[in-house]
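In our numbering, the protein residues as written are 7 to 422. Structure record follows, encoded as structure tokens.
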């Protein structure tokens, strides 16, 4: 076999003449296309990356055309394109194309329709481009900047969705990535909006600074974002990022930072971060942290489970339920699964309550989950040595919901 004979066979997997590309057809196309990606990698090994790079580019273009007319609700075709883009970057690193040609291709994708859906990072091509290619890349960016009179290097507080919207965003993204590649601290701040009073911009600047190696500066920028305008979740992101960066920099104030963030946002993750930073001193603070999280029982139980304290998690969950502050069903499921190993009998009434809670209203969408829990209950009752407990409950359910034919049908099919 030769490369010329292999190419049409492989590319056929990335094309289709079907017009009715609804979800099922899109998934079928994506499955076949995904199977062909390893074939492209094999071709690169057999014939050399340089000759396969143009084939990968054709596969990207063909798959994107299919995406533009498909119902890709599941994102399966998008994943194929993402894998193809990753493969393209890998092959370019193995056998770099001419720097000018590669720089032009990257920008054509970034500033074209593909770039509106996928981010192509010039950093992935740093080695392939080399200094000459990066200089060429910068020249092309400068030309685009000159053509956009409305462009500013720093992110605007509000974006106008005019004809130049995508070009401005693509330009700014490239300038941000080049600033990181060049380890230009002030350019990173400027292009990521780290001097603007917005929490989410501080978070973006901090991440970029850390990527470039300026961890201490990144920590300070993230800390500033905690008190800047923005949604609470954006301020919280800054706080959690601050703790992570202070820890990475091995600063003496890491435990104090973790405590400050936990006090403001008493989540399971922040409790775990404080515990890691506090070291031996954590045993003096654990009860205070647990008391603080009782206001947010989901976070408390999540923390205790992560910490391996299943018995305490069970007691806290039951007390919260008595006080009218219950857990979401998925967390109850996890708690029941783990506590059943400690006291298999005690979990049975809770499992019954979880099933009953789902059946309060006649809603066919909740029946599959309820029946799955019934199957789990039967197994748990058998393991606990009380199989009759489940059988009595199922009989009572059938009587109580006799008019719900859909539910009874699912129960008949599943066994309960």
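Heads up, the beta-carbon is just placed ideally off N, CA and C, and yes, glycines get one too.
Check                                                                                                                                                                                        : Outcome
I'd like to check one pair, residue 318 with residue 310: are the Cβ atoms closer than 8 Å?                                                                                                  : yes
Please work out which residues of its chain come closer than 7 Å, Cβ to Cβ, to residue 224, disregarding the five sequence neighbours upstream and downstream, and give them in chain order. : 212, 215, 216, 251
Quick one: what does DSSP say residue 57 is sitting in, helix, strand or coil?                                                                                                               : helix
Please name the residue in 365, 133, 18, 77 whose C-alpha comes closest to that of residue 409.                                                                                              : 365
For residue 196 and residue 127, which I take to be in contact (beta-carbon distance under 8 Å), what is that distance rounded to the nearest angstrom?                                      : That belief does not hold up - the Cβ atoms of residue 196 and residue 127 are roughly 19 Å apart, past 8 Å.
Run through the stretch 220–281 for me and flag every whole beta strand (DSSP E) of 3 or more residues, listed as ranges in chain order.                                                     : none
Got a sec? Which residues, its chain only, sit under 8 Å from residue 25 by beta carbon, not counting five neighbours each side?                                                             : 75
If you reduce the DSSP assignment to three classes, tell me which class residue 412 lands in.                                                                                                : helix
Decide if residue 238 is buried, meaning its Cβ has at least 16 other Cβ atoms within 10 Å, or exposed.                                                                                      : exposed
Quick check on DSSP: helix, strand or coil for residue 170?                                                                                                                                  : coil
Buried or exposed: which applies to residue 130, given that a residue is buried once 16 or more other Cβ atoms fall within 10 Å of its Cβ?                                                   : buried
Quick check on residue 348: buried or exposed, where buried means 16 or more other Cβ atoms within 10 Å of its Cβ?                                                                           : exposed
If we call anything under 8 Å between Cβ atoms a contact, is residue 20 one with residue 42?                                                                                                 : yes
Would you kindly check if the distance between the Cβ of residue 91 and the Cβ of residue 59 is under 8 Å?                                                                                   : no
Please determine, among 31, 97, 56, the residue with the shortest C-alpha to C-alpha distance to residue 79.                                                                                 : 31
Taking 8 Å as the limit between beta carbons, can you name the residues of its chain near residue 163, skipping five residues before and five after?                                         : Unreliable placement is indicated for residue 163, whose pLDDT of 46 sits below 50; no coordinate value is reported for it.
Looking only at its chain, what residues have a beta carbon closer than 8 Å to the beta carbon of residue 177, apart from the 5 residues adjacent to it on each side?                        : 147, 150, 151, 154, 157
Please confirm whether residue 218 and residue 267 have their CB atoms less than 8 Å apart.                                                                                                  : no
Between the Cα of residue 379 and those of 391, 355, 138, spot the shortest distance and give me the residue it belongs to.                                                                  : 355
What is the DSSP secondary structure of residue 346, reduced to helix, strand or coil?                                                                                                       : coil
Alpha carbon to alpha carbon, how far is residue 62 from residue 222?                                                                                                                        : 41 Å
Once the 5 residues before and after residue 271 are set aside, which same chain residues still bring their CB inside 6 Å of it?                                                             : 242
Specify the secondary structure class of residue 126 as computed by DSSP and reduced to three states.                                                                                        : coil
Got a sec, what are the start and stop residues for the alpha helix (DSSP H) residue 196 sits in?                                                                                            : 191–197
Exposed or buried, residue 373, counting other C-beta atoms within 10 Å across all chains shown (16 or more means buried)?                                                                   : buried
Just reading off the alpha helix (DSSP H) that residue 106 is part of, what are its end residues?                                                                                            : 105–117
By Cβ distance, which residues of its chain are closer than 6 Å to residue 259, with the 5 residues on each side in sequence left out?                                                       : none
Which residue from 412, 326, 377 puts its Cα closest to that of residue 396?                                                                                                                 : 377
For the alpha helix (DSSP H) holding residue 363, just list the boundary residues, first then last.                                                                                          : 353–364
Taking C-alpha atoms, which residue in 330, 119, 8, 27 lies nearest to residue 52?                                                                                                           : 8
Which value, in whole angstroms, describes the spacing of the CA atoms of residue 6 and residue 191?                                                                                         : The shown model of the chain, from 7 to 422, leaves out residue 6, and the question about it has no answer.
Rounded to a whole number of angstroms, what is the C-alpha to C-alpha distance between residue 388 and residue 37?                                                                          : 41 Å
Leaving out the 5 sequence neighbours to the left and right, which residues in its chain are closer than 7 Å to residue 346 when beta-carbon positions are compared?                         : 353, 386
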